[in-house]
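**Q** Structure provided below as structure tokens; questions to follow.
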Ligand code: FNR
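This is how it looks when you write it as structure tokens:
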């Protein structure tokens, strides 16, 4: 488990400093335009951003998606970002709790309830770790941190670029089914930057999954992060696959078309501004998520740095509602949206 710990901090270093978002990768949100309303006939304070999620009510439809845990440095990231999420009434996820499952001494770095008593809190574990530890093991991880729900992450692309990564991706759906029985609508299935498409989403929903985070292409690339650590063939393959994935805008719109309104859909992967998040809501997301920008703001400016970054995001989101004449996220969803270029090509194929 020493390996898990040192890998965690290596990942944090790479994400803090290196180019982990290859420039050619795009969310395709540049292909989405909201339509300006010249006479909104409302006040900024009329905007109600509140949104139900995981049995709680968010004050803004934003999720700081799961990143880390397992080391002292990771614990500080979790506590700072959870505190900021609590202040703004948005949701927060810890990173993979694998390190915690391996060693109880690491549990403290995932504990945030003392600084974030009311936050909508997500635990986190990889699908293939869940296969190994079973439903009871996963339930213990969620209970140990007082989580409202558990995020199950999918990361086949990343695993293939890790020398110690999984090479066998069979048997996933039965595990999801067992977890749905245990967690009900307190289970969220997420990708980690390569996107969940409509076909996988439909199967997940058939099994009873009610929360999906598409986590698409366009932001942090975990293939790229692993490529930076890899040597030889894996470094070469990592370079080749750094831009692999379903762009976030395409995944969001296509999954929303494929599943019913009972599914809470999170859009994430490369969302960097409130305006981009508003576009994600307009094409079908209920909640918009981000990881890297808040992590970097925390690394550079601590709690106040992350607080400011989140404030700008939420104000940008609010402004998009005013300028489209929408008093709520539900109203925004009913407004016209222009979709152009490559995004239209994706949606024609998916
Ligand atoms: C992540 N991400 C992630 N996801 C997950 O489910 N478990 C994890 O342990 C981690 N770890 C992690 C660490 C760091 C430093 C980052 C930046 C990200 C993935 C994250 O939740 C998200 O899906 C992707 O990063 C895409 O969003 P952004 O970063 O482009 O906003």
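In the working numbering, the protein residues as written are -6 to 343. Idealized CB from N, CA, C, for every residue including glycine. All of these numbers come straight from a predicted model, not from anything done at the bench.
1. When we look at the beta-carbon of residue 32 and count the other beta-carbons within 10 Å, is it buried (16 or more) or exposed?
2. Output needed for residue 211: all residues of its chain with C-beta closer than 6 Å, excluding positions within five of it in sequence on either side, in chain order.
3. According to DSSP, simplified to helix, strand and coil, what is residue 29?
4. Check each candidate in 60, 67, 95, 46 and name the one with the smallest Cα separation from residue 82.
5. What are the residues that DSSP puts in a beta bridge with residue 60?
6. Quick one: what does DSSP say residue 204 is sitting in, helix, strand or coil?
7. Mapping DSSP to helix, strand and coil, what is residue 102?
8. Touching or not, the region 56 to 66 and the region 89 to 104, by the rule of three or more beta carbon pairs under 8 Å?
9. Could you check which residue in -2, 171, 118 has the C-alpha nearest to that of residue 96?
10. Which of the three DSSP states, helix, strand or coil, is assigned to residue 41?
11. Opposite residue 181 in the DSSP bridges: which residues?
12. On the DSSP letters alone, give me the boundaries of the alpha helix (DSSP H) that residue 225 sits inside.
13. For residue 282, which of 275, 48, 85, 15 has the nearest alpha-carbon?
14. Run the CB neighbour count on residue 176, radius 10 Å, all protein chains shown included, and call it buried at 16 or more, exposed below.
15. Kindly give me the distance between the Cβ atoms of residue 112 and residue 194, rounded to whole angstroms, as I take these residues to be in contact under 8 Å.
16. Which one of 68, 225, 119 has the shortest CA to CA distance from residue 100?
17. Since residue 131 and residue 143 should fall inside the 8 Å C-beta cutoff, what is the C-beta to C-beta distance between them, to a whole number of angstroms?
18. When the distance is taken between beta carbons, is residue 37 closer than 8 Å to residue 311?
19. Using the C-alpha atoms, what's the distance from residue 29 back to residue 330?
20. Report the residue from 304, 44, 236 whose alpha carbon sits nearest the alpha carbon of residue 274.
21. With a threshold of 8 Å, are at least 3 pairs of Cβ atoms found where one atom belongs to the region 293 to 313 and the other to the region 220 to 229?
22. Consider the C-beta atom of residue 294 and the heavy atoms of the ligand FNR; say whether any pair is separated by less than 7 Å.
23. Buried or exposed: residue 16, going by 16 or more other Cβ atoms within 10 Å of its Cβ?
24. Given a threshold of 16 other Cβ atoms within 10 Å of its Cβ, counted over all protein chains shown, does residue 174 qualify as buried or as exposed?
**A** So, from the listed chains and residues:
1. exposed
2. 18, 19, 20, 240, 241, 262, 263
3. coil
4. 46
5. In DSSP, residue 60 forms no bridge with anything.
6. strand
7. helix
8. yes
9. -2
10. strand
11. 144, 204
12. 225 to 234
13. 85
14. buried
15. About 26 Å; that fails the 8 Å criterion.
16. 68
17. 6 Å
18. yes
19. 10 Å
20. 44
21. no
22. no
23. exposed
24. exposed
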